[in-house]
Structure formats: structure tokens, C-alpha cells
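Q:
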Amino acid sequence: DGGITQSPKYLFRKEGQNVTLSCEQNLNHDAMYWYRQDPGQGLRLIYYSQIVNDFQKGDIAEGYSVSREKKESFPLTVTSAQKNPTAFYLCASSTVTGEKLFFGSGTQLSVL
Amino acid sequence: DAKTTQPPSMDCAEGRAANLPCNHSTISGNEYVYWYRQIHSQGPQYIIHGLKNNETNEMASLIITEDRKSSTLILPHATLRDTAVYYCIVRPQGEYGNKLVFGAGTILRVKS
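Right, dumping it as C-alpha cells:
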């Protein structure tokens, strides 16, 4: 089945540690996105990529980094510079026109 | 971008129609109305979208007022599995997915 796979489902970060969240899609979509969701709130855009080897900052990019070396993959690294990383992270993909976003099942990141 | 206003929460009896309102009084002529929903601890799921005509698919119906300043999402026979947060979003057609702004949405509770 086509879809988006995020891993791991749960992740714990120690103080000063960088962690990487995986996102893979087999929908042949050009565009991919990372969102952050805090409890009881909507989604905030972290980074997005419309084509391989290119990506743009969203509304809350500070403390995060991404890469887009393959069309299928868009990993997100939460760096030690992100002082409040505890949140639910969602990856999505779409065609270039972005009419419909397809989301993964999310990664819950917590700080130890 | 146009903004939307939704009630924070609504209740609906199982088997009855759920009518979720959305105000978008500043919508522009080229902006579509999109609806997504998010079941707890999962990624959002696309439901339906429309420009000015009423739309129906296997999940729901979308009724847009003639002046396009408001719309209603209708789930004709709500089930317990429809309990979720419902997001109403307006966005110009053809824009990339990063233009989809997910606010707080409406929490729909379907009760038996």
C-alpha cells in the first residue's frame, strides 16, 4: 500500500543530544513537509521541500534541520539548540500543487 | 491568507448527522475551502474541498454559502469513529501545501 511511514513512534531525547526522525513515502510525491503539534493546538510548519536537494524554512525552523537527498525521504533532526522539543511531529507529502496532504502517523518526542 | 473561525467543540449523537460550521468571511475568489480531520494521536486525514459548489464524497458533504463567507461540513450518519478534531482551511488553488494552515479546529465528540 502507498503511504507515509514515520519512525520511531516514540522517541526520547537527552539533554544536549541531537535526534533524527525518519519520514519515508512511496507515493511518488515531489513535496514533503514537517509539522510540529503541541497538546491542544494546531499544526505549525517546520520545514518543507518541493524538490530533491532543496528545502525551505517554515514558521518555526529554529533548532531543526532537514535534508532531502532522495525523493522518498525527508528526515528531520531536532538539534540541541531546540530548547523545548517535546511535541508530536508529523510528516506529510503531496503532489507539487499540494491539493491534498497525506500524513504519516507521527512521532512523539519527549525529553528525559 | 484568509482566516477561518470554528467552534472549539461540538457533540453529536451516534447515527445522527454532524454539522460542523466554519466562518471564512475574508475568503478571496480563488481560495478553496478544505476540510481535514485528526483522530487522536494520528496524522490529519483529508476529507473534502470545494470552491463554490456543494461537494459530496464517500466521507462527507460540503455546503458553501452563496456569498462563500461560511461553509458547513456534514457527516450524514456519525459514528463513534468520527470523534476527532476537524480543521477548516482556506487556500488558493494551485498553491503548494505549505500554504495549508491548520488552526485549533473543532473537537467533535460522537456519543452513543
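In the order they appear, the protein sequences are chains A and B.
Going by my numbering, the first residue of the first sequence is number 1, and it counts up by one from there.
Going by my numbering, the first residue of the second sequence is number 113, and it counts up by one from there.
Just so you know, even glycine gets a beta-carbon here, dropped at the ideal spot from N, CA and C.
Could you give the C-beta distance for L11 (chain A) and I46 (chain A), rounded to a whole number, given that I count them as a contact under 8 Å?
A: With a Cβ gap of about 15 Å, L11 (chain A) and I46 (chain A) do not count as contacting.
Q: For Q82 (chain A), count neighbouring C-beta atoms within 10 Å of its own C-beta (all shown protein chains included) and say buried if the count is 16 or more, exposed if not.
A: Looking at its Cβ environment, which holds 16 or more other Cβ atoms inside 10 Å, Q82 (chain A) is buried.
Q: Assuming the contact rule is C-beta atoms closer than 8 Å, R106 (chain A) and G217 (chain B) should be a hit. Round their C-beta distance to whole Å, please.
A: First, the amino acid is wrong: residue 106 (chain A) is Gly here, not Arg. That pair is no contact at about 16 Å.
Q: Can you tell me whether N210 (chain B) is helix, strand or coil according to DSSP?
A: Note: N210 (chain B) maps to helix in three-state DSSP.
Q: Is the beta carbon of V19 (chain A) sitting closer than 9 Å to the one on L109 (chain A)?
A: Cβ atoms of V19 (chain A) and L109 (chain A): closer than 9 Å.
Q: If you measure beta-carbon to beta-carbon, which residues of the segment 151-170 of chain B are closer than 9 Å to chain A?
A: Per Cβ criterion, the list reads S153, Q154, G155, P156, Q157, Y158 and H161.
Q: Taking V52 (chain A) as part of the beta strand (DSSP E), name the residues at either end of that continuous run.
A: Counting along the chain, V52 (chain A) falls outside any beta strand (DSSP E), and DSSP gives it neither H nor E.
Q: Could you tell me if E170 (chain B) is buried or exposed, where buried requires 16 or more neighbouring beta carbons within 10 angstroms of its beta carbon?
A: Exposed: under 16 other Cβ atoms inside 10 Å.
Q: Compile a chain-ordered list of the residues in the segment 186-218 of chain B whose CB is closer than 9 Å to at least one CB of chain A.
A: Residues passing the 9 Å Cβ filter: V197, Y199, R203, Q205, G206, E207, Y208, G209, N210, K211, L212, V213, F214, G215, A216 and G217.
Q: Answer with yes or no whether the minimum CB distance from E62 (chain A) to chain B is below 9 Å.
A: It does not; no Cβ of chain B falls within 9 Å.
Q: According to DSSP, is L112 (chain A) helix, strand or coil?
A: Looking at L112 (chain A) - three-state DSSP - the assignment turns out to be coil, as it is neither helix nor strand.
Q: Go ahead and pull the three-state DSSP assignment for L187 (chain B).
A: Strand at L187 (chain B).
Q: To the nearest angstrom, how far is it from the Cα of K223 (chain B) to the Cα of S183 (chain B)?
A: Distance between the alpha carbons of K223 (chain B) and S183 (chain B) is about 24 Å.
Q: Starting from S105 (chain A), find everything on chain B with Cβ-Cβ shorter than 7 Å and list it in chain order.
A: Correct list: Q154 and G155.
Q: So which residues of chain B does Y10 (chain A) contact, with C-beta pairs closer than 9 Å?
A: Those within 9 Å of Y10 (chain A) in chain B number zero; the least Cβ separation is about 11 Å.
Q: Using the beta-carbon of each residue, which ones in chain B are nearer than 7 Å to L90 (chain A)?
A: G155, listed in chain order.
Q: Below 6 Å CB to CB, which residues in the same chain sit around Y199 (chain B) once its five sequence neighbours on both sides are set aside?
A: Answer for Y199 (chain B): Y148, F214 and G217, listed in chain order.
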